[in-house]
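Let me begin by presenting the structure, written as structure tokens, before commenting on it.
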DNA sequence: AAAAAAC
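In UniProt numbering, the protein residues as written are 1 to 549.
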């Protein structure tokens, strides 16, 4: 029996769990693949032979799968029927060949290497880390790109993540942004593309990368274009707020790699401009945000279009317990690699200063900070709301500061302009909502100021991570008010872990606060507060008092 | 009680 046979015991009960697959460990000689597209290292391993798959039963079955969507957000139109995965042909997995010098590493050497770089691993048959680019066994088209980039050695996440991803296995990768995460999945993605038959007319992408904001998607595509050029791998970015025409043209012309934000991709799928039948390498970047309340249904809808035997890679700087069960639904027997402490952890090269103040002291303090800090280098200020973000930006500009504001209610053209002005240093102060909290890679941000404390500690870690990137140092100032007391205990923990001096005012708050460490992932809507109707009763005692947690 | 993501 073919190991990649995608028939299900009972197709009508199919619910997108790969445990449904019938997988038998039978391998046969490689299938012929166009020489130019062949991963040279795949030749060392036998590949499965495509066997003719019985034609899908006509009409009826296919139609039936598409009906009865599960979403609650109006996304489930009949325009996106569930694909008939049974008619899909096998694809080539990545086959990592450990090079001799890696093979020669003793277990003690491996343990030492991981310990020194703070690498924690989980999973069965974990490959040894690669210490040098040459050890990763990348094909030439990757090595040329690396050589051109000027990098000297793999970052910790790359040294362990590459051999894992190159084995064709699912992967959970947890590391700070700026630690080389993007290349950790991009290069194995290029190798994966290289092993597949060429795209044919009407084929959608082979690699799909999903990101939570438009700016992040664009940034990933810039890397992808740069590193893919040596293998003439085409990529395009599909995101909202921009004209559809060029995106449609790219999709119809055929691109191996698509980087997308969920909404526009679903739009494109429903309009039939592309399809995900050939996607066999799926990346969720900043994945804990992708599985956030508002995003999860969209992600489910997209993933339902992708064959279940794909390789899936989950990346984030944080790994909240609350998403673990959710994330594992999308992954099959994953490796896990964590850089740094498995606990919520900030980048140690950032100096974190928390100031306990009241709301009316915030603006004067901000003015003073800017006067002290401003030397032309970049300063990023975070706000809780779009309204405050705009309001304070206006105030700053009236006071003569070169500040611009970015958030999700602004036209994409303005977002692009503001980010470009900030990146170029023409406007060195950027005020932002959490749209800019994750993954954005702007060089030389001197300091981050949290004008408002974020909604979760994960967001705190992401926000301050905009500074101190790629080994540079940086400073994060955080205005902390009594309204934020519930975060104080865990914030102190984060500061301690990062070796920071803890503000005594914050510390005394953390001692007197009866918090459980609030700000848990998606704490809203989980029977916390702010629920509607009868659900809110679950949080109160019969006598009407708050449950004491 | 916020932000993001499609028209």
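Just so you know, even glycine gets a beta-carbon here, dropped at the ideal spot from N, CA and C. Being a predicted model, the structure only gives us computed values, none of them experimental.
Do the CB positions of residue i and residue j come within less than 8 Å of each other?
i           : j           : result
residue 260 : residue 498 : no
residue 156 : residue 130 : no
residue 442 : residue 463 : no
residue 449 : residue 381 : yes
residue 301 : residue 266 : yes
residue 502 : residue 496 : yes
residue 358 : residue 481 : yes
residue 383 : residue 292 : no
residue 339 : residue 118 : yes
residue 354 : residue 457 : no
residue 420 : residue 389 : no
residue 257 : residue 228 : yes
residue 392 : residue 363 : yes
Checking the sheet assignment: what are the DSSP bridge partners for residue i?
i           : result
residue 405 : 431
residue 447 : 379 and 475
residue 318 : BP columns for residue 318 are empty, so no partner.
residue 266 : BP columns for residue 266 are empty, so no partner.
residue 311 : 281
residue 607 : Residue 607 falls outside the range modelled here, since the chain spans only 1 to 549, and no answer is possible.
residue 260 : 210 and 238
residue 500 : Answer is none; residue 500 lacks a bridge partner.
residue 480 : 356
residue 550 : Any answer about residue 550 is impossible in this case: the structure gives the chain only from 1 up to 549.
Taking its Cβ as the centre, do 16 or more other Cβ atoms sit within 10 Å of residue i, making it buried, or is it exposed?
i           : result
residue 134 : exposed
residue 175 : buried
residue 366 : buried
residue 488 : buried
residue 268 : buried
residue 408 : exposed
residue 335 : buried
residue 352 : buried
residue 200 : exposed
residue 424 : exposed
residue 325 : exposed
residue 333 : exposed
residue 446 : buried
residue 181 : buried
residue 221 : buried
residue 329 : exposed
Using a threshold of 7 Å, is the CB atom of residue i nearer than that to any non-hydrogen atom of the ligand MG?
i           : result
residue 373 : Absent from the structure shown: the ligand MG. Ligands present: none.
Could you spell out where the beta strand (DSSP E) holding residue i opens and where it closes?
i           : result
residue 237 : 235 to 238
residue 171 : 171 to 174
residue 357 : Here residue 357 belongs to no beta strand (DSSP E), and DSSP marks it neither H nor E.
Output needed for residue i: all residues of its chain with C-beta closer than 7 Å, excluding positions within five of it in sequence on either side, in chain order.
i           : result
residue 255 : 205, 234, 235 and 236
residue 34  : Summary for residue 34: the model assigns pLDDT 35, below 50, so the residue's position carries little reliability; its value from the coordinates is reported in the next sentence. Within the same chain, residue 34 has close Cβ partners 197 and 198.
residue 412 : 214, 241 and 242
residue 459 : 434 and 437
residue 509 : 356, 485 and 488
For the alpha helix (DSSP H) containing residue i, list its first residue and its last residue.
i           : result
residue 225 : 214 to 228
residue 414 : 412 to 424
residue 393 : 386 to 398
residue 207 : First-last for residue 207: 207 to 210, but that is the beta strand (DSSP E), not the alpha helix (DSSP H).
residue 155 : Run containing residue 155: none; DSSP gives neither H nor E here.
residue 181 : 181 to 195
residue 103 : 100 to 103
residue 442 : Counting along the chain, residue 442 falls outside any alpha helix (DSSP H), and DSSP gives it neither H nor E.
residue 563 : With the chain running from 1 to 549 in the structure shown, residue 563 is simply not present.
residue 452 : Segment: none, residue 452 is in no alpha helix (DSSP H) and carries neither H nor E.
residue 245 : 244 to 253
Grab me the residues of residue i's own chain with a C-beta within less than 6 Å of its C-beta, minus the 5 sequence neighbours each way, in chain order.
i           : result
residue 283 : 185, 209 and 313
residue 166 : 94, 96 and 188
residue 396 : 403
residue 299 : 290
residue 159 : 129 and 130
residue 144 : 230
residue 439 : 177, 216 and 286
What does a CB cutoff of less than 8 Å around residue i pick up in its chain, not counting 5 residues either side in sequence?
i           : result
residue 410 : 418
residue 592 : Because the chain in this structure spans residues 1 to 549, residue 592 falls outside the shown range and cannot be described.
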